[in-house]
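One line per chain: the protein sequences are Z and C, in this order.
All residue numbers for the first sequence refer to the working numbering, where the first residue is 197 and numbers rise by one.
All residue numbers for the second sequence refer to the working numbering, where the first residue is 4 and numbers rise by one.
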Amino acid sequence: MQPIISVHNLVKTYASGFQALKGVDLEIRRGEIFALLGPNGAGKTTLISIICGIVNATSGTVTADGHDIRKDYRAARAKIGLVPQELTSDAFESVWATVNFSRGLFGKPPNPAYLEKVLKDLSLWDKKDSTILSLSGGMKRRVMIAKALSHEPQILFLDEPTAGVDVELRRDMWEMVRALRASGVTIILTTHYIEEAEEMADRIGVISKGEIILVEDKSVLMRKLGRKQLTLHLQAPLQQIPSQLANRQLELSADGNELIYTFDTQADATGIASLLRQLNELGIDFKDLHTSESSLEEIFVSLVHKR
Amino acid sequence: MNTYGISAIYRFELARWFRTLVQSLLSPVISTSLYFVVFGAAIGSRMAEIEGVSYGAFIVPGLIMLSVLTESISNASFGIYMPRYSGTIYEVLSAPISAMEIVIGYVGAAATKSMMLGLVILATARLFVDFSIEHPLWMVSFLVLTSITFSLFGFIIGVWASGWEKLQIVPIMIVTPLAFLGGSFYSISMLPEIWQKVALFNPVVYLISGFRWSFYGVSDVAVGLSLFMTLLFMTACLVAIWWIFKTGYRLKN
Numbered sequence: 197m198q199p200i201i202s203v204h205n206l207v208k209t210y211a212s213g214f215q216a217l218k219g220v221d222l223e224i225r226r227g228e229i230f231a232l233l234g235p236n237g238a239g240k241t242t243l244i245s246i247i248c249g250i251v252n253a254t255s256g257t258v259t260a261d262g263h264d265i266r267k268d269y270r271a272a273r274a275k276i277g278l279v280p281q282e283l284t285s286d287a288f289e290s291v292w293a294t295v296n297f298s299r300g301l302f303g304k305p306p307n308p309a310y311l312e313k314v315l316k317d318l319s320l321w322d323k324k325d326s327t328i329l330s331l332s333g334g335m336k337r338r339v340m341i342a343k344a345l346s347h348e349p350q351i352l353f354l355d356e357p358t359a360g361v362d363v364e365l366r367r368d369m370w371e372m373v374r375a376l377r378a379s380g381v382t383i384i385l386t387t388h389y390i391e392e393a394e395e396m397a398d399r400i401g402v403i404s405k406g407e408i409i410l411v412e413d414k415s416v417l418m419r420k421l422g423r424k425q426l427t428l429h430l431q432a433p434l435q436q437i438p439s440q441l442a443n444r445q446l447e448l449s450a451d452g453n454e455l456i457y458t459f460d461t462q463a464d465a466t467g468i469a470s471l472l473r474q475l476n477e478l479g480i481d482f483k484d485l486h487t488s489e490s491s492l493e494e495i496f497v498s499l500v501h502k503r
Numbered sequence: 004m005n006t007y008g009i010s011a012i013y014r015f016e017l018a019r020w021f022r023t024l025v026q027s028l029l030s031p032v033i034s035t036s037l038y039f040v041v042f043g044a045a046i047g048s049r050m051a052e053i054e055g056v057s058y059g060a061f062i063v064p065g066l067i068m069l070s071v072l073t074e075s076i077s078n079a080s081f082g083i084y085m086p087r088y089s090g091t092i093y094e095v096l097s098a099p100i101s102a103m104e105i106v107i108g109y110v111g112a113a114a115t116k117s118m119m120l121g122l123v124i125l126a127t128a129r130l131f132v133d134f135s136i137e138h139p140l141w142m143v144s145f146l147v148l149t150s151i152t153f154s155l156f157g158f159i160i161g162v163w164a165s166g167w168e169k170l171q172i173v174p175i176m177i178v179t180p181l182a183f184l185g186g187s188f189y190s191i192s193m194l195p196e197i198w199q200k201v202a203l204f205n206p207v208v209y210l211i212s213g214f215r216w217s218f219y220g221v222s223d224v225a226v227g228l229s230l231f232m233t234l235l236f237m238t239a240c241l242v243a244i245w246w247i248f249k250t251g252y253r254l255k256n
């Protein structure tokens, strides 16, 4: 199937000389939820901004549903809705006025019935006459989503949709994104929360320093990345790992005070219980323990190093 | 042509204006009234007629132009600067709407406002002094042309400005002095000869002269030249705007 968005050799060099994108190639499949992960400054927002027409690319091509975003910008942009990272809206407008404005701006004739549905789906209908200024942060974000959906786009970009959003709203947002996908909308979201990508995405792309360093199905990636570590702080330092434990994924810290066990969260048995039993049998006491997950930042570092 | 898009921007801009209609209309009306009280009644009564027109009536076209110029610039520059400042410009830039359509929306709304303001001031002036309009069609044409031209100019300032101070600097430092020295309150022929020549480098002279001609049939420069200079300035603004969108200057980076 033809990809709904295809990005080819996209380069962006800002006037300051900073190269935000260094030849990005990316294809988004029709109807999927694609999560673009990357640390701050990796180029996520620049990439989205170019696709949506907010920033001019230095070179390279992008097509949206087969339409070149430069030559055929009207057709391309009409397909795309964007929810930007920043909550920017016209504070003194009413919710109803602002969604109607967005729809008109995108060249669509008025359709109050459709906009009513959008606002109802986002639990905004009873706020339709309120000014945006009077809404809470979570509500404002929903208004941004309503604006993006007002012209019935086939592709929706969500730039950090849950940054600074409380847990409950985050869950609502996930529900809403799934419902949109079910209605046939392709969704591209950026995030730096790995759980979010894990929860939502069909495929995940990782961008770092202006380059896409990996694009993979979520299930494959999660297996690769889903490593966790258990650190045991020992009562008495060990000289070396006892031979009985040699077959386990254990490491000893340099001072011999910490025993580090790496395990796979996706596996059926993590082996923690049996490890602790075995330590007990061997008479190795520990005073504290904690588990840690590789953070996304660490994962990026390891990914970048591997290349 | 994205007519829904143009009308969305146009109506959005007018809605913003209507929300503050009282300030928007009242303050220019009050300041114009003050000019008439001071220059028309107090000082004007001691001044001789200028080319057969009483001084109070003589300053009417200049005062209207003064307000139309400054209001066009401030409306249009604020209209485009505000979304740049708040970030809402992203939506306009990501919409399937051409540069020309964006300009029609913003500049059209700003020009509409200043034309309405010009007419309100005209009506206010009628309360203070008696005057007639010899060439009403020309009067309207000059009003429309000036509103559009200076709204285009304001749009450029709104794109160029990188802060609130810069938004004010051009109107205060350049446009207001040019308007005051452009013959709002006097005829260029009243100046010493050397300054008459200098005055001809002031574009506002041509606007006010042409506008005054449409009222009383008297002018400092030929009306054709006034029209030509106005159109020339408008073309210059259009070229600048074309360049802004072509390069994405201050909008797309």
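Every residue gets a Cβ at the ideal spot worked out from N, C-alpha and C, and that includes glycine.
All figures in this text were calculated on a predicted structure; none of them were measured in a lab.
For residue i, three-class secondary structure by DSSP
{"i": "residue 184 of chain C", "result": "helix"}
{"i": "residue 430 of chain Z", "result": "strand"}
{"i": "residue 250 of chain C", "result": "helix"}
{"i": "residue 317 of chain Z", "result": "helix"}
{"i": "residue 415 of chain Z", "result": "helix"}
{"i": "residue 322 of chain Z", "result": "helix"}
{"i": "residue 437 of chain Z", "result": "coil"}
{"i": "residue 226 of chain Z", "result": "coil"}
{"i": "residue 394 of chain Z", "result": "helix"}
{"i": "residue 171 of chain C", "result": "helix"}
{"i": "residue 221 of chain C", "result": "coil"}
{"i": "residue 97 of chain C", "result": "helix"}
{"i": "residue 88 of chain C", "result": "helix"}
{"i": "residue 470 of chain Z", "result": "helix"}
{"i": "residue 69 of chain C", "result": "helix"}
{"i": "residue 267 of chain Z", "result": "coil"}
{"i": "residue 407 of chain Z", "result": "strand"}
{"i": "residue 164 of chain C", "result": "coil"}
{"i": "residue 367 of chain Z", "result": "helix"}
{"i": "residue 307 of chain Z", "result": "coil"}
Cβ-Cβ separation, residue j to residue i (assumed contact under 8 Å), whole Å
{"i": "residue 200 of chain Z", "j": "residue 224 of chain Z", "result": "6 Å"}
{"i": "residue 182 of chain C", "j": "residue 207 of chain C", "result": "5 Å"}
{"i": "residue 154 of chain C", "j": "residue 78 of chain C", "result": "7 Å"}
{"i": "residue 232 of chain Z", "j": "residue 403 of chain Z", "result": "6 Å"}
{"i": "residue 275 of chain Z", "j": "residue 253 of chain Z", "result": "Actually they are not in contact, since the Cβ atoms of residue 275 of chain Z and residue 253 of chain Z sit about 18 Å apart, beyond 8 Å."}
{"i": "residue 64 of chain C", "j": "residue 5 of chain C", "result": "The Cβ separation is near 38 Å, so there is no contact."}
{"i": "residue 104 of chain C", "j": "residue 8 of chain C", "result": "6 Å"}
{"i": "residue 355 of chain Z", "j": "residue 280 of chain Z", "result": "5 Å"}
Partners in chain C for residue i, counting only beta-carbon separations shorter than 7 Å
{"i": "residue 305 of chain Z", "result": "7"}
{"i": "residue 300 of chain Z", "result": "7, 8, 10, 11"}
8 Å Cβ cut-off: residues of chain C touching residue i
{"i": "residue 274 of chain Z", "result": "99"}
{"i": "residue 280 of chain Z", "result": "90, 93"}
Beta-carbon contacts of residue i that lie in its chain and below 8 Å, excluding the five residues immediately before and after
{"i": "residue 73 of chain C", "result": "174, 178, 179, 182"}
{"i": "residue 290 of chain Z", "result": "324, 325, 326, 327, 328"}
{"i": "residue 210 of chain C", "result": "68, 72, 145, 149, 185, 229, 232, 233"}
{"i": "residue 335 of chain Z", "result": "320, 323"}
{"i": "residue 143 of chain Z", "result": "What the structure shows of chain Z is the stretch from 197 to 503, and residue 143 of chain Z is not part of that stretch, so it cannot be assessed."}
{"i": "residue 438 of chain Z", "result": "478, 480"}
{"i": "residue 505 of chain Z", "result": "The first residue shown for chain Z is 197 and the last is 503, placing residue 505 of chain Z beyond what the model contains."}
Proximal residues to residue i (C-beta, below 7 Å), its chain only, five neighbours per side dropped
{"i": "residue 56 of chain C", "result": "219, 221"}
{"i": "residue 194 of chain C", "result": "202"}
Residue i: contacting residues in chain Z (beta-carbon distance under 8 Å)
{"i": "residue 165 of chain C", "result": "The contacting residues do not exist; residue 165 of chain C stays about 14 Å from chain Z at best."}
Closer than 7 Å at the beta carbon, the chain Z residues around residue i
{"i": "residue 15 of chain C", "result": "297"}
{"i": "residue 96 of chain C", "result": "249, 250"}
{"i": "residue 255 of chain C", "result": "250, 251, 252"}
Where residue i meets chain Z, residues with beta-carbon distance less than 9 Å
{"i": "residue 89 of chain C", "result": "284, 285, 286, 287"}
{"i": "residue 49 of chain C", "result": "Within 9 Å Cβ-Cβ: nothing; residue 49 of chain C doesn't reach chain Z, min ~48 Å."}
Residues near residue i in its chain [Cβ-Cβ closer than 6 Å; skip 5 each side]
{"i": "residue 50 of chain C", "result": "58"}
{"i": "residue 397 of chain Z", "result": "229, 231, 414"}
{"i": "residue 411 of chain Z", "result": "401"}
{"i": "residue 17 of chain C", "result": "112"}
**Report entry** Cβ-based contacts, 7 Å cut-off: residues of the segment 239–271 of chain Z near chain C
**Finding:** 248, 249, 250, 251, 252, 269, 270
Query raised in the report: Given a limit of 8 Å on CB to CB distance, which residues of the segment 330–348 of chain Z reach chain C?
Result: 343
Query raised in the report: Of all the residues that make up the segment 169–203 of chain C, which are near chain Z by a beta-carbon distance shorter than 8 Å?
Result: none
Requested in this report: Please list the residues of the segment 232–253 of chain C that have a C-beta atom closer than 7 Å to any C-beta atom in chain Z, keeping them in chain order.
Outcome: So the list reads 251, given in the order they occur along the chain.
Query raised in the report: Along the segment 22–37 of chain C, what residues have a CB closer than 8 Å to any CB found in chain Z?
Result: 22
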